[in-house]
Amino acid sequence: MIGDELDSDVVVRYFRGKSILITGSTGFLGKVLVEKILRVQPDVKKLFLLVRAADDESAKQRVETEVTGKEIFQVLKEKHGNGFEGFVQEKICPLPGDVMHENLGLGAAKLRQVCKEIDIVVNGAATTNFYERYDVAFDTNVMGAKHICEFAKRCSKLKMLLHVSTAYVAGEQEGVVLEKPFRLGETLREGTHLDIESELNLIKETRRELKASRCSEKAERRSMKELGLKRAREFGWPNTYVFTKAMGEMLLGAHLRGDVPVVIVRPSIITSILKEPLPGWMEGIRTIDSFIIGYAKQALSIFLVDLDLIMDVIPGDMVVNAMMVAMAAHSEERGQQTSIYHLTSSVRHPAPYAVLAECGRRYFLHNPLRSGGKNSEPVRPSRMRFFRTLPGFRAYMAIKFRLPLEILRLLNIVLCGALSRRHDELSRKYRYVMHIAELYAPYSLFKGCFDDSNTERLRAAMANRSSGYDFGFDPLCVDWDDYFYRVHIPGVVKYLCGY
């Protein structure tokens with residue numbers, strides 16, 4: 001239960017002397033978490049960062065290059081000066097391993113040593129590609145959750161486990177989506193039942209068949225990607241990513257119930273840092289950033305989105321703040337059910353997609369990109385055409401692009417293949433645009449909103465308490481127009497476009 005004595009100082013003190021295993025530290029959210037812990041609580045005992053690497057030296061190199069070497073650590077570097085490298089070496093222990101392997105890929109001696117020290121496990125490792133190979137997504141998002149559970153059970157002093165999921169495990173539900181855990185075998189399509197073991201066997205059998213058929217690597221990759229989408233849609237999920245994340249949640253609930261406190265955070269679309277340590281900083285292109293980049297470069301003239309629908313976004317630093325508060329709030333509980341937190345904005349402070357579209361138009365009108373360098377002509381943005389429905393988008397694409405493609409195909413036949421290269425290139429582009437539109441449709445046309453009653457109780461426990469540390473995660477304090485125009489879009493331009 002959430003204690004009423006919780007405040008920012010309590011949260012900071014909670015991390016003093018703690019040893020924490022973090023998976024997914026090379027990802028955007030992982031870096032923000034590692035930096036925040038080290039910045040507010042330099043007396044944390046140790047952060048064990050599990051990274052894919054062949055050995056200790058390779059793991060250390062990856063952490064230096066992909067985590068602590070990033071710009072987000074600039075404030076921490078300035079704080080420690082010449083002592084930064086020594087501080088990092090004292091506080092961070094890179095571990096070569098992988099959640100997809102039993103015992104997280106750790107050797108027996110290292111496993112025993114780490115399990116004796118760990119107080120908290122944060123599982124942020126995931127493959128987030130909507131159209132990932134089924135076997136790859138399953139290994140990381142499903143088996144990874146199982147292996148984390150098995151590891152957690154070995155940790156003699158473990159106080160809690162926090163797992164990062166996504167609000168979109170809800171699929172394409174409409175109306176209010178509740179903060180409730182999945183039951184093992186539960187699906188989003190009535191009349192179906194999900195057997196995770198059967199899915200694993202299906203993957204193994206499909207791999208064997210593909211190997212026996214001696215198909216090309218490209219054909220194998222396509223087959224495994226199509227299998228993931230097929231299985232996801234069979235049970236009511238729109239893509240492989242959210243399907244496998246839902247299965248991962250199921251395994252967490254089934255394997256760790258009652259043993260240690262389990263918290264699952266479900267962020268919606270995570271956007272750039274709002275406040276600290278570096279407003280606008282981000283890594284990785286999110287759904288909405290594809291729209292921003294395409295519009296800025298004028299490479300995108302149409303987009304599938306209903307501008308009146310709610311765009312559920314949450315800044316990355318708010319997600320990390322909520323994660324740290326939840327860790328302190330639930331540590332050492334016993335006999336509790338899995339706690340679910342929607343880290344979302346659609347109920348608390350909704351913003352329609354129209355806000356982003358208008359901010360993007362204004363920003364690039366005032367700050368056009370120069371695609372050829374500083375002295376080149378600025379790219380003047382034109383108005384984008386939006387489609388509210390997938391059928392409408394398909395009809396437009398058929399008339400505007402598919403019909404001309406068919407004419408080009410016939411001309412190519414008449415000209416004995418002289419236009420083959422051009423036809424094939426345009427066909428690939430057309431198929432790609434249609435594929436992306438159908439993958440993104442569950443988000444750009446999402447008609448649900450995420451209940452955040454549990455999250456509101458967590459916010460209330462932190463309310464009206466002054467401190468020198470900011471652990472705010474209330475979207476109500478965000479002026480979305482100002483955030484997108486002055487923080488997020490400039491961040492996209494700087495950190496994702498490289499301007």
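Quick note on the UniProt record's numbering: the sequence shown kicks off at 1 and runs consecutively.
Heads up, the beta-carbon is just placed ideally off N, CA and C, and yes, glycines get one too.
Just so you know, these numbers come straight off a predicted model, no measurement behind them.
{"query": "Taking the alpha carbon of V51 as the reference point, which residue from V11, V99, K400 has its own alpha carbon closest?", "result": "V99"}
{"query": "Assess contact between the region 240-247 and the region 124-133, defined as three or more Cβ pairs (one per stretch) separated by less than 8 Å. Is contact present?", "result": "yes"}
{"query": "Which residues share a DSSP beta bridge with S19?", "result": "K46"}
{"query": "Evaluate contact between the region 353-366 and the region 481-491, counting only Cβ atoms and requiring at least three cross-stretch pairs below 8 Å.", "result": "yes"}
{"query": "With distances taken Cα to Cα, identify the nearest neighbour of C115 among D195, G472, A152.", "result": "A152"}
{"query": "To the nearest angstrom, report how far apart E102 and S427 are at their CA atoms.", "result": "43 Å"}
{"query": "Can you list, in chain order, the stretches of the alpha helix (DSSP H) that have 4 or more residues and sit fully within the UniProt domain \"Fatty acyl-CoA reductase C-terminal\" (402-497)?", "result": "403-414, 420-444, 453-462, 480-483"}
{"query": "Within the same chain, show all residues whose beta-carbon is closer than 6 Å to that of G185, passing over the 5 residues directly before and after it, in chain order.", "result": "H193, L194"}
{"query": "Counting only the same chain and skipping the five closest in sequence on each side, list residues whose C-beta sits under 7 Å from that of K146.", "result": "L251, H255"}
{"query": "How about L6 and V320: do their beta carbons lie closer than 8 Å?", "result": "no"}
{"query": "When you compare each of R207, Y168, D119 to R133 by their alpha carbons, which one comes out closest?", "result": "R207"}
{"query": "Under the three-state reduction of DSSP, which class applies to I120: helix, strand or coil?", "result": "strand"}
{"query": "Is V34 closer than 8 Å to V67 when the C-beta atoms are compared?", "result": "yes"}
{"query": "Please determine, among G24, A322, D135, H488, the residue with the shortest C-alpha to C-alpha distance to L278.", "result": "H488"}
{"query": "Helix, strand or coil for I273? Go by DSSP, reduced to three states.", "result": "coil"}
{"query": "Hey, D135 and K18: beta-carbon distance below 8 Å or not?", "result": "no"}
{"query": "Measure the C-alpha to C-alpha separation of L410 and K400 and round it to an integer number of angstroms.", "result": "17 Å"}
{"query": "Taking one C-beta from the region 438-456 and one from the region 293-312 each time, how about it: are there three or more such pairs within less than 8 Å?", "result": "yes"}
{"query": "What separation, rounded to the nearest whole angstrom, lies between the Cα atoms of W237 and D259?", "result": "30 Å"}
{"query": "From what residue to what residue does the alpha helix (DSSP H) around Y134 run?", "result": "134-137"}
{"query": "Using 8 Å for Cβ pairs, my map puts residue 516 next to V262. What's the rounded Cβ distance?", "result": "The chain is shown only over 1 to 499; residue 516 falls outside these bounds and no answer can be derived."}
{"query": "Could you tell me whether the region 102-113 touches the region 31-46, where touching means 3 or more Cβ pairs closer than 8 Å?", "result": "no"}
{"query": "Using the beta-carbon count (16 or more within 10 Å), is C93 buried or exposed?", "result": "buried"}
{"query": "I314 and S268: beta carbons closer than 8 Å?", "result": "yes"}
{"query": "Quick check: the region 378-386 against the region 294-301, are there 3 or more CB pairs under 8 Å?", "result": "yes"}
{"query": "What residues are listed by DSSP as bridge partners for L304?", "result": "F387"}
{"query": "Rounded to the nearest angstrom, how far is the Cβ of L47 from that of I37, given a contact under 8 Å?", "result": "7 Å"}
{"query": "Given a cut-off of 8 Å, decide if K494 and G144 are closer than it, judged by their beta-carbon atoms.", "result": "no"}
{"query": "Whole angstroms are fine: how far does the CA of R214 sit from the CA of L178?", "result": "46 Å"}
{"query": "Per DSSP, which residues does M324 bridge with? Please list them.", "result": "Looking at the DSSP assignment, M324 forms no beta bridge with any residue, so it has no partner."}
{"query": "Whose C-alpha, out of I310, E377, E333, is nearest the C-alpha of A351?", "result": "I310"}
{"query": "So what does I310 bridge to, in DSSP terms?", "result": "P352"}
{"query": "Which one of N239, I264, P490 has the shortest CA to CA distance from F182?", "result": "I264"}
{"query": "Between which two residues does the alpha helix (DSSP H) containing residue 509 stretch?", "result": "The first residue shown for the chain is 1 and the last is 499, placing residue 509 beyond what the model contains."}
{"query": "Does the ligand ADP have a heavy atom nearer than 7 Å to the CB of R154?", "result": "Among the ligands in the structure shown, none appear at all, so the ligand ADP cannot be discussed."}
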